[in-house]
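The next block holds one structure in the form of structure tokens; read it before the comments.
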Amino acid sequence: MKRPERTPSERAAAALLAVALACAGCAGTGSRPEPSARPPVPGDDLGYLVPPLDGYPAALPLTAERELSEAHRALVAEGDTARAEELAARWLEEQPDLAPARVLAAQVAFVRGDAGRVQELLEPVVTREPRYVAAQLVRGRAAEREEDIVAAMGAYFAIREDSPLARASVQRLRGPASEALRRRFDDALGRGRTDLARRALAELEQWSPNDEPTLEAALALGEAEGDAARALSAARRLAQRRPGDRGILEAQARWELEAGDAGTGLRLLEELAAAYPDDPRLQDRAAAARFQWRLQLLPATVRPLADGPQLSRGDLAGLLYWLFPSVRYGRAEQATIATDILDHPLRREIARVINLGVMDVEPGLHHFRPLEPATRREALAAVLGLLGESRPPAACLAGAEVRAGEDSETVCRLAAVCGLIPAEADCLPQGAISGR
């Protein structure tokens, strides 16, 4: 079918359309104009850039509230960092400590990817106001961007009760942040920096107080610092979690004897000694625990002697009396008078020790000298003498009888043989001796 001829006006319109299309094609191959605004803030970051006044506890002038809020809206909706930066700088020039202006400046730094600047701006703010939501949210998110999850967790944890997003972030980061903090704790303790380890443990106990790694860290720090209360508490809680763990049970037994229930410590060590009969170290510890448990049974007036840093001769006689049933109930074969013990609070105990020949008096003067410091030789000689009087006598003495005035060489040699001291060179016969 033959198409009808176009009129002159239709031919002119078609020509104009062809020119327009050609020009459009040419424009498509040329350079495009730059967009007038930056891209908006990424969606996963947007929730952490809340209005700068969120959580700020003080009132602001209405002008400051309005301008800061408007600049924040332009920042998060359009990515307009220039306007927010200019406004924050102007307010900070007038009031350098204006916290919401610092928060807005920090949000600008975050959008620009400068996490270090975020921390620099907000550190003094959150030090004064740790529950300032707007400040801690952007501070935590900036720390995440720097892969410092410990700092991020700290920021979110401070405002977890005031921000649902912070609560969710705490739950998301609790595990990996606790692991990172435990590594930091181990490194500090390994370098002997107990101050840094203590700081790391304080955060661990805030974030994950009931987790086993936290309890293990508390036990390790308690042992490193000799903090019996911390170590005992951690060992008890770990023992409840891991009732068959030998290492934990040994630690609990040690600290029970040191600062807790000596009876519990003794029971634990006796159970361990029975479970591992071929371990001589456990057998020795159980024997020592039995002795220490007996210390707990001493009268209240005598018990402090066991903790005394330096024993007098009278103190030593008192401990010998109460720790060795053979002294309390033994039959004296002699009646020795000591004229200088009549006013001493332990005169009964001293008299018994003297009459059994466990300790001596000064010949002629009949002086016991109860207030003079006791020596290691006197203490070792007394214990060796009692071992010799036991039935049967201690085999390590090989029939030797040790008297109260025995010479130092013999006392030191036999004390080493019987295991009272590690080696004869450790004897120090004239040295002082503590209650322990």
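Numbering (my numbering), first residue to last: 418 to 853.
Backbone N, C-alpha and C fix where the C-beta goes; we use that ideal spot for every residue, glycine too.
Since the structure is predicted, the reported quantities are computational estimates derived from the model, not experimental observations.
Minimum Cα-Cα distance from L737 among the listed residues R711, T756 and A752 corresponds to R711.
An exposed status is given to Y746, since fewer than 16 other beta-carbon atoms sit within 10 Å of its beta-carbon. Sixteen is the threshold: since fewer than 16 other Cβ atoms of the shown chains lie within 10 Å of the Cβ of F708, the residue is exposed. Straight-line measurement puts the Cα of R548 at about 25 Å from the Cα of P459.
The Cβ-Cβ distance between V555 and V587 does not fall below 8 Å. The region 758-769 and the region 823-832 do not touch, with fewer than 3 CB-CB distances between them shorter than 8 Å. For T718, there is no enclosing alpha helix (DSSP H), since its DSSP letter is neither H nor E.
DSSP assignment within the region 732-820 yields the following whole alpha helix (DSSP H) runs of 4 residues or more, N-terminal first: 742-746, 764-772 and 793-806. 8 Å or more divides the Cβ of R820 from the Cβ of R786. The shortest CA-to-CA distance from F741 to any of G472, L715, A475 and G677 is the one to L715.
Our two residues, R748 and R808, have alpha carbons roughly 14 Å apart in a direct line. When rounded, the separation of the alpha-carbon atoms in L763 and A815 is 34 Å. DSSP places A645 in the helix class (H, G or I) of the three-state scheme.
When DSSP reads this structure, S729 sits in a beta bridge with P790. Partner residues in the beta bridge of A849, as assigned by DSSP, are T792. Taking C-beta atoms as the reference points, C813 and C844 fail to come closer than 8 Å. Taking 8 Å as the upper bound for CB-CB distance, L685 and R663 are not in contact here, some 10 Å apart.
For T631, the closest C-alpha among the options D471, D724, I576 and L655 is that of L655. Fewer than three pairs of CB atoms, one per stretch, sit closer than 8 Å, so the region 677-684 makes no contact with the region 694-702. For S625, there is no enclosing alpha helix (DSSP H), as DSSP marks it with neither H nor E. Counting of Cβ neighbours within 10 angstroms places A755 among the buried residues, the total reaching 16 or more. Annotation for D461: the continuous alpha helix (DSSP H) segment containing it runs G460 to L463.
Each of D565, A585 and E564 was checked against the Cα of F574, and the nearest Cα belongs to A585. Ranking A499, L803, R793 and G802 by CA distance to the CA of G848 puts R793 first. Selection E510, E564 and L504 evaluated against R483 yields L504 as nearest (Cα-Cα). By the criterion of a C-beta distance shorter than 6 Å, Q713 is surrounded in its chain by A679, once the five residues flanking it on both sides are discounted.
Taking all protein chains shown into account, P839 has fewer than 16 neighbouring C-beta atoms within 10 Å of its C-beta and is therefore exposed. Remark: three or more beta-carbon pairs, one from each stretch, lie closer than 8 Å, so the region 565-581 and the region 614-624 are flagged as touching. Just so you know, the alpha carbons of S743 and P790 end up roughly 24 Å apart.
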